[in-house]
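To convert, count from 1 in the sequence shown and add 1; that's the numbering used here. All residues carry an ideal CB built from backbone N, CA and C; glycine is no exception. Written out below as structure tokens is the structure these notes cover.
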Amino acid sequence: MEMKYTTLGKTGLRVSRMGFGGIPIQRAGMDKASALFDALERAGINYIDTARGYTVSESYIGHALRGRRDRFVLATKSFARTKDAMAAEIDLSLSTLGVDYIDLYQIHNPSPEQLDVVVGEDGALEALLAAKSAGKIGHIGLTAHSLAVFERALGYDWVETMMFPYNIVETQGEALIEECKKRDIGFIAMKPLAGGAITDASTALRFVSVNDGVSVVIPGMADEAEIEQNACAVCDDSLLSASELDMIGAVRATLGTNFCRRCGYCAPCTVGINIPSVFLFDGYLTRYSLPEWARERYATLPVKASACIECGVCETRCPYELPIRKMMREASERLDK
Numbered sequence: 002m003e004m005k006y007t008t009l010g011k012t013g014l015r016v017s018r019m020g021f022g023g024i025p026i027q028r029a030g031m032d033k034a035s036a037l038f039d040a041l042e043r044a045g046i047n048y049i050d051t052a053r054g055y056t057v058s059e060s061y062i063g064h065a066l067r068g069r070r071d072r073f074v075l076a077t078k079s080f081a082r083t084k085d086a087m088a089a090e091i092d093l094s095l096s097t098l099g100v101d102y103i104d105l106y107q108i109h110n111p112s113p114e115q116l117d118v119v120v121g122e123d124g125a126l127e128a129l130l131a132a133k134s135a136g137k138i139g140h141i142g143l144t145a146h147s148l149a150v151f152e153r154a155l156g157y158d159w160v161e162t163m164m165f166p167y168n169i170v171e172t173q174g175e176a177l178i179e180e181c182k183k184r185d186i187g188f189i190a191m192k193p194l195a196g197g198a199i200t201d202a203s204t205a206l207r208f209v210s211v212n213d214g215v216s217v218v219i220p221g222m223a224d225e226a227e228i229e230q231n232a233c234a235v236c237d238d239s240l241l242s243a244s245e246l247d248m249i250g251a252v253r254a255t256l257g258t259n260f261c262r263r264c265g266y267c268a269p270c271t272v273g274i275n276i277p278s279v280f281l282f283d284g285y286l287t288r289y290s291l292p293e294w295a296r297e298r299y300a301t302l303p304v305k306a307s308a309c310i311e312c313g314v315c316e317t318r319c320p321y322e323l324p325i326r327k328m329m330r331e332a333s334e335r336l337d338k
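Encoded structure:
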């Protein structure tokens, strides 16, 4: 199917309805990155999402962009909250990506308190506006996991795009997505597979893309076959079938909202537990009835769930306010056998 395109809100940027989420490229390697970008071009995908916080993602993407920068809309983001820190991060992104300009630079997941710093005197917004005036960046956006931050962001005239989780089980932002459309703010749907918790990628992506308030959906991809499959799903504008609707209902019934999206914000654990991996393997056991497969993979973790000292530091970082200590105890009971 032929890729579809839309305008990313008030930015005026023409973007593919599906973009490239740059988290999984960290495990692909620099050499494979170029092949992935070849596949993106074949599929007509021109929107690229990355971040300063995604370790080597900017570096790999920069390598893959060589000789074809003008064919892509490039977006990145930073956790910097102050003017000086953001100015340094923008320059570092430009250098790491090996580009002269970045189409969209975003404030990465601020809390309400951090947003106060961003918009205050000597806050990150000042650096972003200066970089925009200097031609280093084209547009300014914001990403969030909190509805309160999402709603507040829509009141700022400098917010040109908004990124927020949207998938089969996380529909809490639908009213604000509609508000984005009314205010001509481009909406970028992240976590379309709920951090890997939803395994039927085609149906999950079709669910997201049928919402015309979504400008672009950005599944993370590290394989050429994934790119082709996901692009076909997003370009399929037929009505969701009865079997797909049944699947959506089953996923909602199984997952609810109390599950790990593997965003990694809980890290580092005080005692070195890989928290997202524990919950991933526990999910294989509880949701997919694969106890042997789950325990074999769990056994490879150097620090097990039973090592949790329940300090609670991880819970203060989780954007979904999950009861991680309780979930860790329960996972240990099932996996540490």
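Rounded C-alpha distance that separates residue i from residue j
i	j	result
Ala223	Asn47	16 Å
Asn231	Asp237	10 Å
Asn259	Leu323	7 Å
Pro303	Leu240	46 Å
Lys1	Val279	Look at the range of the chain in this structure, 2 to 338, and you will see that residue 1 is not part of it.
Glu59	Ala65	10 Å
Tyr157	Ile141	11 Å
Cys264	Leu98	23 Å
Ala332	Asp283	6 Å
Val252	Val170	7 Å
Gly250	Gly197	17 Å
Asp123	Asp85	8 Å
Asp247	Leu177	26 Å
Val100	Lys78	15 Å
Asp71	Glu90	22 Å
Residue i and residue j closer than 8 Å at C-beta
i	j	result
Thr83	Asn110	no
Gly54	Phe80	yes
Ile103	Ser96	no
Asn168	Ala205	yes
Thr162	Leu9	yes
Val211	Val218	no
Glu225	Ala88	no
Tyr299	Leu291	no
Ile199	Leu155	no
Leu75	Thr12	no
Simplified DSSP state of residue i, which is helix, strand or coil
i	result
Lys183	helix
Pro113	helix
Thr97	helix
Tyr61	helix
Thr200	coil
Ala223	coil
Ile189	strand
Val217	strand
Thr172	coil
Gly284	helix
Gly124	strand
Per DSSP, cross-strand counterpart(s) of residue i
i	result
Gln107	Lys78 and Gly142
Thr7	Val16
Asp50	Gly22 and Ala76
Thr162	Gly142 and Gly187
Same chain only: Cβ atoms within 7 Å of residue i, ignoring 5 sequence neighbours per side
i	result
Thr271	Ile310, Cys312 and Val314
Contacts around residue i, its chain only, beta-carbon distance under 8 Å, and the 5 residues preceding and following it disregarded
i	result
Val119	Arg82, Ile108, Pro111, Ala125 and Leu126
Cys319	Tyr266, Cys267 and Ile325
Neighbourhood of residue i by C-beta, 6 Å cutoff - its chain only, sequence neighbours within 5 removed
i	result
Gly22	Asp50, Ile219, Pro220 and Gly221
Ala190	Tyr167, Val209, Val215 and Val218
Gly20	Tyr48, Asp50, Val217 and Ile219
Cys261	Pro277 and Phe280
Check: residue i C-beta below 7 Å from any heavy atom of the ligand MN
i	result
Leu105	Looking at this structure, you won't find the ligand MN or any other ligand, since it has none at all.
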